[in-house]
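Chemist:
In my numbering, the protein residues as written are 13 to 114.
(1) Determine the closest residue to residue 19 out of 89, 29, 62, 30, with distance taken between C-alpha atoms.
(2) Taking the alpha carbon of residue 55 as the point to measure from, which residue in 94, 69, 42 has its own alpha carbon closest?
(3) At which residues does the beta strand (DSSP E) containing residue 66 begin and terminate?
(4) Taking the alpha-carbon positions, what's the residue 26 to residue 35 distance?
(5) Do you know how far the Cα of residue 61 is from the Cα of residue 45?
(6) Pick from 72, 100, 41: whose alpha carbon is nearest that of residue 51?
(7) Helix, strand or coil: which one does DSSP assign to residue 31?
(8) Residue 4 to residue 47, Cα distance in whole Å?
(9) Let me know the secondary structure DSSP gives residue 95 once reduced to three states.
(10) With a cut-off of 8 Å on the beta carbons, I'd call residue 65 and residue 57 a contact; round off their distance for me.
Following this line, the structure appears as structure tokens:
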């Protein structure tokens, strides 16, 4: 955050495969110095009528005080994480796609 490396430890709170949803709760780390609670949810929704999916991140947090900033700097982190997940899934898809030589 803000160009500084941060450490966080989270616990999986919920997994809902039918909704492609996973919810994490931060339990330790640098963010807990500024927030009383911090929960983030990741949900992946397949695109209608096309290839690919849309990733939704939802943050629920309570700041320790009004002086603490909202966590906008985490947006770049979740963008980067989404890209890495996408690359991983595409690599797996390429590995299991049968190749036919002509």
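Glycine residues also receive a C-beta, built at the ideal position from the N, C-alpha and C atoms.
Modeler: By the coordinates alone:
(1) Numbered from 1 along the chain shown, position 7 holds the residue referred to as residue 19. The option with the nearest alpha carbon to residue 19 is 89.
(2) Locating residue 55 in the chain shown gives position 43, where the first residue counts as 1. Comparing Cα positions, the closest option is 69.
(3) Counting from 1 along the chain shown, the entry for residue 66 is found at position 54. 65-75 is the extent of the beta strand (DSSP E) around residue 66.
(4) For the purposes of this step, residue 26 is taken as residue 14 along the chain shown, with counting starting at 1. For the purposes of this step, residue 35 is taken as residue 23 along the chain shown, with counting starting at 1. Per the coordinates, the alpha-carbon of residue 26 lies some 5 Å from the alpha-carbon of residue 35.
(5) Here residue 45 refers to the residue found at position 33 when the chain shown is read from its first residue. Here residue 61 refers to the residue found at position 49 when the chain shown is read from its first residue. For residue 45 and residue 61, the distance between alpha carbons rounds to 44 Å.
(6) Locating residue 51 in the chain shown gives position 39, counting from the first residue. Residue 72 is the option with its Cα nearest to residue 51.
(7) Taking the chain shown and counting its residues from 1, one reaches residue 31 at position 19. DSSP places residue 31 in helix when its eight states are reduced to three.
(8) Nothing can be reported for residue 4, as the shown portion of the chain is limited to 13 through 114.
(9) Here residue 95 refers to the residue found at position 83 of the chain shown. Helix.
(10) What you label residue 65 is simply residue 53 of the chain shown in a count that begins at 1. What you label residue 57 is simply residue 45 of the chain shown in a count that begins at 1. About 6 Å separates the two Cβ atoms, so the contact holds.
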